[in-house]
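If you read the sequences in order, they're chains A and B. Mapping to this note's numbering: the first sequence position 68 is 72, numbers consecutive. Mapping to this note's numbering: the second sequence position 191 is 225, numbers consecutive. Quick reminder that beta carbons are idealized off the backbone N, C-alpha and C, glycines included. Here's the structure we're looking at; comments come further down.
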Amino acid sequence: MIRLYHLYPDLMDLYGDYANLLILSRALSRAGYENEIVKRSLIDRFDLSDAGFVYIGSGRESSQKRAMEHLCRNRETFLDAFRRGVPILLTGNAMEMIGKSVTGKDGVRREGLGLASFETDEGEKRLVSDEIVTRNGEKLVGFINKASEIKGVDRPLFHVEFGLGNAGEEKEEGYTEKNLFATHLIGPVLVKNPAFLLEMTSLAAKAPVDAGKIRDRYADEAFRITLEELSKRAETETKSNI
Amino acid sequence: MRKFIAILLAKLGRFAGKLVGKGSSKPGYYALKADPKILGKIKLPPYVIAVSGSNGKTSTVEMIAKILADAGLRVAYNKEGSNQIEGVATLILGECTLGGKMKSDVLLIESDERFARYTFSHFRPTHFVVTNLYRDQLTRNGHPEWVFDALKEGVKHAEKLILNADDPLVSLFAEGRENTVWFGCAKQPGSKPESDSVYDDGRFCPRCGGKMRYDYRIYNHVGAFRCPVCDYARHAPDYELGKIDLAAGSLVIRAGEESFEIPMENPSVYAAYNILAAFAAAREAGVPGEKIARSLQGFASHMGRIVSFALGDHEGKLLTSKHENSVSYDQSIAVAAADPEDVSVLVIVDAVSRKYFTSETSWFWDIDFEKLASPNVRHIVLAGTHYGELAVRFSFTGIPEERIAAVRSIEEAAELLKSYDTKKIYTITCFSDKDKFLNLVERK
């Protein structure tokens, strides 16, 4: 039984984030792996010793602070899972929680988990953009909707072809170390990117999963159309900048 | 002198706009360029009523305008829906004398949530109505708490607030101030304390973060809330919705000792709240209850949210919703699912943004598409550029696969609908996509 932990599903739930676990759970089932989604939040006992996968989604800035404070109190539990190589996916501002600090728009600096050394500054403006990013030469699509910039990332997850990076127009996005994947892309990242879903499914299964078994023609079609349409935009918007 | 030039510019601009048949906020834009402080220099009418919130602004404003006009007042309001500061400036300057005095008795403003703070830094509303705050176009507005922070600055200078008592976030505008009037809905048959939506924005107290409880909910996070941790709770409404009869299309409003029955053109709880908000605002502006009720009898929205059509020998209704606004979709889904007859439902998501293709589709996962599992919904067709991701979303609804078809082309979707035995169709889509379908059918 593979246990897929969804942490803070009630607080970090702004962008249909739960869909990532639904699609991962289905992919594992189709590949023949028994699995279940386990939800844990503020009031729950925090134990990740049997975790086969850990996920946290995006939340309001205030929710993120509450989740982060709780996560920091359970620092060792989380770090232990990370060190053991449990696959961990963080989307949206969940990424910020593993850094050294998050400074709110109120100017207050709050300690993060300190797993990574980057720091986050929240601002008064929301930064919103469609994204095309690459990882190992493969393209991914998505969307960013954040009110912060992250500085000092030494292990980026993605290269940005179109859209925002960790800070401003930076060409690097996200953070990765061991089996931890953090990105500011929001929402159903695994629904939108079948190749990334395959990678996460294999990691959770601890064995390479056959792409044919988990293929969903509608998800493939959605990815193809999104990439095609965003690429067209990337082309025209680059031209208009010259 | 600057003031005079600004007013003149606005008037000339508006005149030119009328000649070419275009209403826009350009005149206000130029006037503000000529004199950025112009709005603070105008003599305003005794009533300045602002309306803001995520949903229902336009219909609430339309209703207030009608009630006040029926009561013999001269009302200036932004009917063109230009609800940012330039639009408001166009409205005000268009309705004032060259000396800078507004000719109307009431200035009624639909205000964009994000821009209220700019508009109302120049003058104060006498009444500020906030309908609700929930997830609406997060790409443009940010999440509700973000919108609250932005709107707070605009709301705080108003003399009197008219607030939705059932919305915990909206109610927070009254914290630390006086002179608030509340409107809310009584418990309805079937209303439950638990949320039955995909997400629950009423889970935590917006004041202290504690876990909230509800005595009952009307929809999503809107209901009789209370926080056991900090005692933040729903205020007793001054204007209350009694029975909402969706089948008969009527509602009852109680105000103190009085009670009025009012018909609804397109019955829904969301519409009922808008009517209630309009009633409260008009009553606060001094119109007697019976007069308001009478005005609302004949009210027909100009918004054309529901369009009837024929497609071959099939008949249908297009229910205009709003992309990136799950509540508006939930509203349309409820209509289709509640129909006593068998129906087909077409959902079109073709262009989320009018400007460009966007991959922001997380809101599909906030919509309660699960409700379309209702047995009267015989067929579901998904169409438009985003049909693939819609189909993935629907594959998690538990609706039997054989009831669902997904095609990119809207023409093909229309052909499919024609081929079904089910003669009644509901088309659910955004106003920005609706003509792509309406061009294929016969409008009625």
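Selection from the options that minimises the alpha carbon distance to residue i
i: Glu299/B; options: Ala281/B, Gly224/B, Glu179/B, Ala65/B; result: Ala281/B
i: Ala23/A; options: Gly61/A, Val213/A, Asp224/A; result: Gly61/A
i: Ala85/A; options: Ser53/A, Ile27/A, Thr95/A; result: Ser53/A
i: Tyr460/B; options: Pro374/B, Asp384/B, Ile438/B, Ile367/B; result: Ile367/B
i: Lys100/B; options: Ala316/B, Lys190/B, Leu66/B; result: Ala316/B
i: Leu185/B; options: Leu406/B, Ser205/B, Tyr421/B; result: Ser205/B
i: Thr479/B; options: Ser116/B, Ala105/B, Lys75/B; result: Since the first residue of chain B shown is 35 and the last is 478, residue 479/B is not available in this structure.
i: Lys77/B; options: Pro159/B, Pro61/B, Lys67/B; result: Pro159/B
i: His169/B; options: Val163/B, Val181/B, His161/B; result: Inspection of the sequence shows that residue 169/B is occupied by Arg rather than by His. For the residues Val163/B, Val181/B, His161/B, the minimum Cα distance to Arg169/B belongs to Val181/B.
i: Asn359/B; options: Val383/B, Pro374/B, Lys60/B; result: Val383/B
i: Phe259/B; options: Ala439/B, Leu285/B, Gly218/B, Gly290/B; result: Gly218/B
i: Lys135/B; options: Gly74/B, Cys239/B, Asn89/B, Lys194/B; result: Gly74/B
i: Gly278/B; options: Arg288/B, Ala84/B, His269/B, Ala270/B; result: According to the sequence as given, residue 278/B is Ile; it is not Gly. When each option's Cα is compared against that of Ile278/B, the closest is Arg288/B.
i: Pro202/B; options: Glu324/B, Gly290/B, Pro374/B, Arg251/B; result: Arg251/B
i: Ala407/B; options: Thr419/B, Glu423/B, Glu394/B, Ser429/B; result: Ser429/B
i: Leu8/A; options: Gly169/A, Asp48/A, Arg30/A, Arg219/A; result: Arg30/A
i: Ala151/A; options: Ser66/A, Leu28/A, Pro13/A; result: Ser66/A
i: Ile444/B; options: His420/B, Leu353/B, Ile433/B, Gly432/B; result: His420/B
i: Ile414/B; options: Ser393/B, Ala371/B, Leu167/B, Val386/B; result: Ala371/B
i: Arg130/A; options: Glu115/A, Met72/A, Ile218/A, Asn97/A; result: Asn97/A
i: Leu202/A; options: Lys217/A, Ile190/A, Asp158/A; result: Lys217/A
i: Glu187/B; options: Ala208/B, Asn112/B, Arg174/B, Met246/B; result: Ala208/B
Reduced DSSP category for residue i - H, G, I as helix; E, B as strand; rest coil
i: Gly56/A; result: strand
i: Pro434/B; result: coil
i: Leu416/B; result: strand
i: Thr392/B; result: coil
i: Ile136/A; result: strand
i: Tyr421/B; result: helix
i: Tyr307/B; result: helix
i: Pro297/B; result: strand
i: Ser206/A; result: helix
i: Asp402/B; result: coil
i: Thr456/B; result: coil
i: Ala440/B; result: strand
i: Val213/A; result: coil
i: Phe82/A; result: helix
i: Ala238/A; result: helix
i: Ala226/A; result: helix
i: Ile246/A; result: Model confidence at Ile246/A stands at a pLDDT of 45, short of 50, so the residue's coordinates are unreliable; what they give is reported in the following sentence. In this structure, Ile246/A counts as coil in the three-state DSSP scheme.
i: Asn97/A; result: helix
i: Tyr63/B; result: helix
Counterpart residues of residue i in DSSP-defined beta bridges
i: Cys219/B; result: Leu275/B
i: Val381/B; result: Leu416/B, Ile462/B
i: Tyr81/B; result: Val140/B
i: Cys76/A; result: DSSP, once it has assigned bridges, lists no residue as partnering Cys76/A.
i: Glu232/A; result: BP columns for Glu232/A are empty, so no partner.
i: Leu131/A; result: Lys150/A
i: Ile92/A; result: Val58/A, Leu184/A
i: Lys143/A; result: Thr138/A
i: His10/A; result: Lys43/A, Tyr59/A
i: Ile287/B; result: Leu275/B, Phe294/B
i: Arg64/A; result: Paired residues: none, contrary to the question.
i: Thr107/A; result: Arg113/A, Asp125/A
i: Leu189/A; result: Ile148/A
i: Arg477/B; result: Phe343/B
i: Val411/B; result: Val377/B
i: Phe238/B; result: Lys245/B
i: Ser86/B; result: Val164/B
Integer Cβ distance of residue i from residue j, believed to fall under 8 angstroms
i: Lys2/A; j: Ile136/A; result: Outside the shown range of chain A (5 to 246) lies residue 2/A, about which nothing can therefore be said.
i: Glu123/A; j: Gly156/A; result: 6 angstroms
i: Asp21/A; j: Thr138/A; result: Between Thr138/A and Asp21/A the Cβ distance is about 23 angstroms, and since that is not below 8 angstroms, they are no contact.
i: Tyr436/B; j: Val195/A; result: First, the amino acid is wrong: residue 436/B is Glu here, not Tyr. The pair is not a contact, with the Cβ atoms about 23 angstroms apart (cut-off 8 angstroms).
i: Tyr253/B; j: Val286/B; result: Not quite, the Cβ-Cβ distance comes to about 18 angstroms (not below 8 angstroms), so this is no contact.
Which runs of the beta strand (DSSP E) fall wholly inside the stretch 311 to 373 of chain B and span at least 3 residues, in chain order? DSSP runs (the beta strand (DSSP E)) wholly in the stretch 311 to 373 of chain B: 340 to 345, 348 to 355.
3-residue-minimum beta strand (DSSP E) runs that sit fully inside the stretch 245 to 278 of chain B, ordered along the chain: Runs found: 247 to 253, 256 to 260.
Extract the residue ranges of the beta strand (DSSP E) inside the stretch 21 to 45 of chain A, only unbroken runs of 3 or more that lie entirely within it. Counting whole runs of 3 or more residues, the stretch 21 to 45 of chain A contains the beta strand (DSSP E) stretches 39 to 44.
Completely contained beta strand (DSSP E) runs for the stretch 187 to 235 of chain B, where each covers 3 or more residues: Complete beta strand (DSSP E) runs here, min 3: 194 to 198, 214 to 219.
For the stretch 153 to 186 of chain A, which segments carrying the beta strand (DSSP E) assignment without a break, of at least 3 residues, lie completely within its bounds, in sequence order? Listed in chain order, they are 162 to 166, 179 to 181.
Kindly provide the ranges of any beta strand (DSSP E) runs that are 3 or more residues long and lie completely inside the stretch 100 to 174 of chain B, ordered along the chain. Scanning the stretch 100 to 174 of chain B from its first residue to its last, the whole beta strand (DSSP E) runs of 3-plus residues come out as 109 to 111, 140 to 144, 161 to 164.
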